[in-house]
Every structure is written in structure tokens, then in C-alpha cells.
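Beneath this line is the structure, given in C-alpha cells, with notes to follow.
There are 2 protein chains.
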Amino acid sequence: MAVLDLQDYSIFVGSCREPLGHFLKERVFSRIFVLVDERTALHCLPLLADVLDSAAVLKIPSGEIHKNLATCSTVWAALMDAGAGRDALLVNVGGGVIGDMGGFCAATYKRGIAFVQIPTTLLSQVDASIGGKLGIDFHQVKNSIGVFANPGAVFVDPAFLGTLPPAELRSGFAEIIKHALIADAGQWESLKGRNDLFNVPSEETIVASLKIKQAIVTQDPTEKGLRKALNFGHTIGHAVESVSLDGPNPLLHGEAVAVGMVCEAFLSWKKGFLAQTDLDEICARLLYWYQPARLDPSHFTDYFSLMRNDKKNEQGAINFSLIGPPGTVHINQYFSEEEITDSLLFLNDKRRLQG
Amino acid sequence: MAVLDLQDYSIFVGSCREPLGHFLKERVFSRIFVLVDERTALHCLPLLADVLDSAAVLKIPSGEIHKNLATCSTVWAALMDAGAGRDALLVNVGGGVIGDMGGFCAATYKRGIAFVQIPTTLLSQVDASIGGKLGIDFHQVKNSIGVFANPGAVFVDPAFLGTLPPAELRSGFAEIIKHALIADAGQWESLKGRNDLFNVPSEETIVASLKIKQAIVTQDPTEKGLRKALNFGHTIGHAVESVSLDGPNPLLHGEAVAVGMVCEAFLSWKKGFLAQTDLDEICARLLYWYQPARLDPSHFTDYFSLMRNDKKNEQGAINFSLIGPPGTVHINQYFSEEEITDSLLFLNDKRRLQG
Numbered sequence: 016m017a018v019l020d021l022q023d024y025s026i027f028v029g030s031c032r033e034p035l036g037h038f039l040k041e042r043v044f045s046r047i048f049v050l051v052d053e054r055t056a057l058h059c060l061p062l063l064a065d066v067l068d069s070a071a072v073l074k075i076p077s078g079e080i081h082k083n084l085a086t087c088s089t090v091w092a093a094l095m096d097a098g099a100g101r102d103a104l105l106v107n108v109g110g111g112v113i114g115d116m117g118g119f120c121a122a123t124y125k126r127g128i129a130f131v132q133i134p135t136t137l138l139s140q141v142d143a144s145i146g147g148k149l150g151i152d153f154h155q156v157k158n159s160i161g162v163f164a165n166p167g168a169v170f171v172d173p174a175f176l177g178t179l180p181p182a183e184l185r186s187g188f189a190e191i192i193k194h195a196l197i198a199d200a201g202q203w204e205s206l207k208g209r210n211d212l213f214n215v216p217s218e219e220t221i222v223a224s225l226k227i228k229q230a231i232v233t234q235d236p237t238e239k240g241l242r243k244a245l246n247f248g249h250t251i252g253h254a255v256e257s258v259s260l261d262g263p264n265p266l267l268h269g270e271a272v273a274v275g276m277v278c279e280a281f282l283s284w285k286k287g288f289l290a291q292t293d294l295d296e297i298c299a300r301l302l303y304w305y306q307p308a309r310l311d312p313s314h315f316t317d318y319f320s321l322m323r324n325d326k327k328n329e330q331g332a333i334n335f336s337l338i339g340p341p342g343t344v345h346i347n348q349y350f351s352e353e354e355i356t357d358s359l360l361f362l363n364d365k366r367r368l369q370g
Numbered sequence: 016m017a018v019l020d021l022q023d024y025s026i027f028v029g030s031c032r033e034p035l036g037h038f039l040k041e042r043v044f045s046r047i048f049v050l051v052d053e054r055t056a057l058h059c060l061p062l063l064a065d066v067l068d069s070a071a072v073l074k075i076p077s078g079e080i081h082k083n084l085a086t087c088s089t090v091w092a093a094l095m096d097a098g099a100g101r102d103a104l105l106v107n108v109g110g111g112v113i114g115d116m117g118g119f120c121a122a123t124y125k126r127g128i129a130f131v132q133i134p135t136t137l138l139s140q141v142d143a144s145i146g147g148k149l150g151i152d153f154h155q156v157k158n159s160i161g162v163f164a165n166p167g168a169v170f171v172d173p174a175f176l177g178t179l180p181p182a183e184l185r186s187g188f189a190e191i192i193k194h195a196l197i198a199d200a201g202q203w204e205s206l207k208g209r210n211d212l213f214n215v216p217s218e219e220t221i222v223a224s225l226k227i228k229q230a231i232v233t234q235d236p237t238e239k240g241l242r243k244a245l246n247f248g249h250t251i252g253h254a255v256e257s258v259s260l261d262g263p264n265p266l267l268h269g270e271a272v273a274v275g276m277v278c279e280a281f282l283s284w285k286k287g288f289l290a291q292t293d294l295d296e297i298c299a300r301l302l303y304w305y306q307p308a309r310l311d312p313s314h315f316t317d318y319f320s321l322m323r324n325d326k327k328n329e330q331g332a333i334n335f336s337l338i339g340p341p342g343t344v345h346i347n348q349y350f351s352e353e354e355i356t357d358s359l360l361f362l363n364d365k366r367r368l369q370g
């Protein structure tokens, strides 16, 4: 069991049963509610059954398309109908959708009740669980409505990862790779030797990745500056992900971020931050691991309209976080539409060569 | 011009044109949006025209029934369609609905943009403008979804009060009276001599009232304890207001709070906090000023169901903030349903005698 202490709360990595039980005994809550989706109700809740046996279960449908105001309304209404007071607790058991949306529901219900995050996907364990970003998708823009608020505690239990499909593990690895590329050359060295990303990572790998994010969000909790570093791969990745969700082949978040990292590594090279050899190696590994589909140029207009609505933008310009030599990062970088288009075509070109 | 400094922001009381102009010059915002309703667009916006001439105007329908998620969605969508970034500013010009809902929209748009409050009713000037409580009505419960977040500044300009109907002024006075009763015996002494509450109060009266609320919210911004003092008259008042909104004679907030203060003064007497003579005097003044209608016993069940959902409750019990001798307060007081019913009947009885 590793414990990472942040300013207001702790992240417990390892079996969650004991520390969760301790947390629930230590703090006094009038009522405990557990938010799950159809999948975590089936695969994850049973692992917590006796620790949470006094809790009322709120179940919502699975999937990003339900991360919206309508689902929040059902959660708020359920809390209200149950007479939940401000001293109630909401335990969010699930992936990023459950954590982001459940956290947002808790942070806005009666102007804020306590909540606990139990992330059950690799992606949410190494990324969404830490840093207090909560929210929902709105008006076709991901996480465009939300707040910053910290949970009472986070329990990262690798036991949940055993039930994940391989593609979900690979998706989660994208954030581990991103953390390594922006802040930990050593972890990148060890990651790049992997033949595939379909295995559950060790607790040490998870802890190392969490520590990178912890160090960054502690210095800049509300993303005024340094925290933007975590956006590497995400400016383009979010746009590619959003567009794919409306099509026949929706991408997982990490799959889209892998695409974004290839394009934004190109932009990093373009700015002179990244050496040609590093660019080649990073792109070769990402394309090999993720085997992305070609980006359809007929979607580029949609990408730009989504990128212009990115929360990190200032004065209307599209904001990028780029990398230098592995383990280093450059925030607040800007490009012309032409250069950004080049980076998208670069991916298409590379994957053609790779294939 | 009086300036009250709170931890993160200041409240400017007096003509707002100069300090608002100064604020907009001092801080850099990529875009400025002004939220108004149909009424403030007509009566208040013209007074700010040249100070806000570069701002985009967002107009929503007037009235508490529009303080809901649907209206928030139109505000968020308008901001998004205009490409508003995190460095945009929302200026809320209006009464409590505009301030509470506009503030909530700003605090949740892209996880929070800056906002400024320009309250234009007496009620919002002495109450809602201060303390960072934001939110909307949901599931028939007032302000049940929201957050705590502080504005960049508040501009309390008595010039706006000149356009208010007399009933709106009287409604605002209810919060001034409440502040006096819980914390300022001297102000109560001077208020109780008023023949009616249909005139614009002096700047001094407004400042004195704001200072009471400031002192309380500074000590307890998120309502864990002391801030509950401000709830005097509101446990019953909110319920009476909510029920009235569904009927043919909707009450203004202050009119309902006046009813709540009569009932809760009775409960204060019942607990032995308030002397009979004080109870008689307070009730006589409130009934004379507000001339409330009889509370229909067929609504009592609805009152109780609403009171049980009050945000201040803990462990499911209905929480009251009561008064002692004018200028003193007792928080976290509880009663049986029978005693609460007695307090409702007390009002009916008193107004019968009064009439």
C-alpha cells in the first residue's frame, strides 16, 4: 500500500478495502450513496460489497454519451428524493465518466457534499482520479461544464484492472506514456521497451505516474500555468476523440491521445524543441502500439472548431503543450492552422509508411 | 462611496460607473459578457451603457421560474458559441436570480471564469450579492444545485433602486430586518420606527446591513456553523415561498421571509430565547408592514416535505436559526412537527387579531 498525500486528501494505492473501511469509520456521514454504471455495478461493486453494505446504490448507463446534464439531473433527483443532506457522501465507483460526473454532481448538490473516488479503469486511476477536475460534456465539447473540487480520498486499487478489456488497458497506458514524456525520461526508457500495452501495469508503474501528476497539480491546482503541461497530446487528441464519438468507430480516450501525441510531437519538432531522432522513436512506438486509423481530412474543419473551444485557450488562440527531450515540456505554444493541418497529415503519412 | 473588503474581493457601495470602469481596465479579459433579464435590459443596462459598450449582451427571461438548468444551458451555449475562453468575464446585472444563476453559470463554464455582480434589487444588494452562494432551483427545491464561489467584485449602486416597484423594496427590507434582528439591536431600534418599507433606504442603512453579513460569511464561508445564523426566517420562509410559487399569489422572497420570521420568532419564544414583549413587538411590526395572507393548512404537508430537504439540515432533522433578544442568534435548533405546526398556526392567529 502506497499513500500519496496531497494538500486536502490522500490517494491510497493498493487494496482499497481496508483504507476505505477506515475512512468511512473515521468520518461521520449521515448517508452513503454509491454511484456506479451498468458495467461497474456488475464487475466492481461486488468487490466492495461488505465495505459499502450500508450504502444506497445509484446506477446510471455506461458510456461517455451519458456524461451530460440529463444524467446529472437523474443523480441529483435521486439524492434529493432520498433526502440526502449536506453531510451525505457520494462514492464514485467507475471510470472517468463516473468520477468526473459523479464528482461534479456531489460538488454542486446543495452547493457541495463530500465524495470519494474509486477509479476502476487504468485511465482514471492514473489520470482522472487526481487533480480535482470534475465535469460533464456539453454542446459537443468534452468537460466544458464543471468545477475544480477535491475528493475526500481516492482509492486506486489495481484489483479492478483485472476485469478490463485489453483495449481499455492500452487506453490507460496513453496517460502513463504522456506523464513519462513530459516529466520522467527514465519511465519513458522503461516503457518504450514494451511489446504491447495490454497487460496490467505494476503498482510501482502506477505510483510513479501518479507522482508526476501529483507534483504538477499541487503546484497549479486550477490550471493557470504549469498544469497545462498535462495537456500534451490532448489539444488534438480531444478533438479527434470528440469527432470519432459521432462516427462508426468511436475511439477510447487514450487511443485519441496517442494520435494527439504523434501530431503534437511533430509540432514539438517543428518548433525545434524535439530532436528528429526522438520524434521518430516516439512516433514509431505510438503507431506500433496503437495502430491508429487514418484521420479523414473531411473532419479537419470539425477538429478546428473543437480546438478553438478548448478550455486552455486564451485570447482565442489554440493552445498547445509540447515536449522537448523526453522528460521536458513547453507550455503555451501556438501554431497557424496550416501548421496544425501539417501535423494531422504527418500522422497519416507516418502510419502509411509504418503500415 | 464605501468599500467593503472581503478576503478575495471588494464590494463597492455607491455609484458603480467609476469603480466598474476601473476594474475592467485593471484586469485583462479577452471578452466581456453581460447577463441581463428582460427587465434589467430595459431599466438597468442603459445606466451602464458606455462603461460596458464593448460587452456582448446575453438576455434571459425574467423571474424565479427561469432560475433552472434549462436557462443555464442557454447561457452556457451562448458563451460557447461566442468562443468565450477561460479568460472571459461575465457581468451579472439584475436581482437574485441573475446573480445566483449567472454566477453559477460562470463558476461552472470551463470549470470557472471570472464574474462580477451588479445587483439591481434591494434584496440582492443587501443579501445575495455577498457571500459567494450561487445556484439554481431544481426538483422544486430552491437553490438546491449550486456552488460556493466568489465574484471578482460586487458593485452595489443605489441608483438602480429608483426603478423598483414598492413591493420589491419592501421585500428587500426583510433581509435588512433579519440582519438587524440577528446581529444589530441598534439597527432594529431604528428600523422599527418606520411607518412603511416602500422607500429606498439610505446608503448608510445598506452599508450597515452588508457589514453584518460580511462579518458572518468571512468567519464561515461555506456554512458549516455560524453562517447558519443568516437562515433566521428562512427555514419556514423558503417553504412558504416555494409553495406560493405554484399558486395564484406568488410571494416575493422577502414577503415569505417576513412570514418565516414571525413563525420562527414564535419558535424562539417557545425555546425561551425570546421574551414575550420582544415577540409581540417583532410580530406586530412584521404583520403591519407585510400584511401576509393566511397560511392555508392544506399546504402544511408540502411545507414539511420542503423543509426536510433544506440544505442546512443534518441527520435529517429540520434545522432552525432562532433569535434571542434583538441582535442575538441561536443556530442549530430543532423542533417536533407539532411545534412547527403551532408556529404556522400562530401566524394565522396573530394576523387574524391584527386584522
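If you read the protein sequences in the order shown, they are chains A and B.
When the first sequence is numbered by the numbering used here, its final residue is 370 and no position is left out of the sequence of numbers.
When the second sequence is numbered by the numbering used here, its final residue is 370 and no position is left out of the sequence of numbers.
Cβ coordinates follow ideal geometry from the N, Cα and C atoms, glycine included.
With DSSP collapsed to three states, give me the class of asparagine 107(A). strand
Neighbourhood of phenylalanine 153(A) by C-beta, 6 Å cutoff - its chain only, sequence neighbours within 5 removed: Taken in chain order, the residues that qualify are Ser159 and Ile160.
7 Å Cβ cut-off: residues of chain A touching asparagine 107(B): The contacting residues do not exist; asparagine 107(B) stays about 18 Å from chain A at best.
Start and end of the alpha helix (DSSP H) containing glutamine 202(B)? 200–206
Partner residues on chain A for threonine 233(B), Cβ-Cβ distance less than 9 Å: Within 9 Å Cβ-Cβ: nothing; threonine 233(B) doesn't reach chain A, min ~18 Å.
Can you tell which of Met16(A), Lys239(A), Leu50(A) and Pro34(A) has its C-alpha closest to the C-alpha of glycine 109(A)? Leu50(A)
Using the rule of at least 16 other Cβ atoms within 10 Å of the residue's Cβ for burial, across every protein chain shown, is histidine 393(B) buried or exposed? For chain B, the structure presents residues 16 to 370; residue 393(B) sits outside this window and is missing.
Quick check on methionine 95(A) - is its C-beta less than 8 Å from some C-beta in chain B? yes
Is it the case that the Cβ atoms of leucine 245(A) and glutamate 79(A) are separated by a distance below 8 Å? no
Among His37(A), Val277(A), Thr237(A) and Ile231(A), which residue has its Cα nearest to the Cα of threonine 12(A)? A query on residue 12(A) cannot be resolved here, the shown segment of chain A reaching from 16 to 370 and no further.
Have a look at Ala56(A), Phe361(A), Ile297(A) and Phe48(A) and flag the residue whose alpha-carbon is nearest the alpha-carbon of alanine 92(A). Phe48(A)
So is isoleucine 160(B) in contact with chain A if we call contact Cβ pairs under 8 Å? yes
Of all the options Asp211(A), Ala200(A), Ile231(A) and Asn210(A), which has the alpha carbon lying nearest to the alpha carbon of glycine 339(A)? Ala200(A)
Count the other CB atoms within 10 Å of the CB of histidine 253(B); is the residue buried (16 or more) or exposed (fewer)? buried
Pairing CB atoms from the segment 354–367 of chain B with CB atoms from the segment 208–224 of chain B, are three or more of them under 8 Å? no
For the segment 120–134 of chain A, which residues have a beta carbon sitting closer than 7 Å to at least one beta carbon of chain B? Ala122, Thr123, Tyr124, Lys125, Arg126 and Gly127
Identify the contact partners of leucine 84(B) in chain A, using a Cβ-Cβ distance below 8 Å as the criterion. Leu84 and Ser88
Assign glycine 275(B) to one of three DSSP states: helix, strand, or coil. helix
Residue-chain proximity (lysine 243(B), chain A), Cβ-Cβ < 8 Å: no
May I ask you to verify whether the segment 29–37 of chain B touches the segment 52–68 of chain B, counting CB pairs closer than 8 Å and requiring at least 3? Segments in contact, yes.
For glycine 147(B) versus proline 236(B), is the C-beta spacing smaller than 8 Å? yes
Are glutamate 53(B) and lysine 74(B) closer than 8 Å when you measure CB to CB? yes
Out of Met16(A), Asn264(A) and Glu190(A), which one is the CA nearest neighbour of arginine 309(A)? Nearest C-alpha to arginine 309(A): Asn264(A).
For phenylalanine 247(A) versus serine 358(A), is the C-beta spacing smaller than 8 Å? no
Could you tell me the distance, in whole angstroms, from the CA atom of proline 76(B) to the CA atom of leucine 84(B)? 13 Å
Have a look at Leu196(B), Ile26(B), Thr356(B) and Trp203(B) and flag the residue whose alpha-carbon is nearest the alpha-carbon of histidine 314(B). Thr356(B)
Using a Cβ-Cβ distance under 8 Å, would valine 156(B) count as near chain A? Interface residue, yes.
What residues from chain A crowd round tryptophan 91(B), counting only those whose CB sits closer than 8 Å? Phe153, His154, Ser159 and Ile160
Evaluate aspartate 142(B) with the Cβ neighbour count: other Cβ atoms within 10 Å of its Cβ, from every protein chain shown; 16 or more gives buried, anything less gives exposed. buried
Near-chain A residues of the segment 41–62 of chain B (beta-carbon distance less than 8 Å), N- to C-terminal order: So the list reads Ser45, given in the order they occur along the chain.
Strand pairing of lysine 148(B), partner residues [DSSP]: Phe163(B)
For alanine 290(A), collect the residues of the same chain with a Cβ closer than 8 Å to its Cβ; drop the 5 residues on either side in sequence, then sort them by chain order. Hits under 8 Å: Trp284 and Pro340.
Does any CB atom of chain B fall closer than 8 Å to the CB of phenylalanine 371(A)? Because chain A spans 16 through 370 in this model, residue 371(A) falls outside it and cannot be assessed.
Just how far apart, CA to CA, sit alanine 122(B) and proline 166(B)? 9 Å
Helix, strand or coil at asparagine 83(B) according to DSSP, with G and I counted as helix: Of the three classes helix, strand and coil, the one that applies to asparagine 83(B) here is coil, per DSSP.
Considering only C-alpha positions, which residue in the set Glu279(B), Glu238(B) and Gly262(B) is nearest to aspartate 102(A)? Glu238(B)
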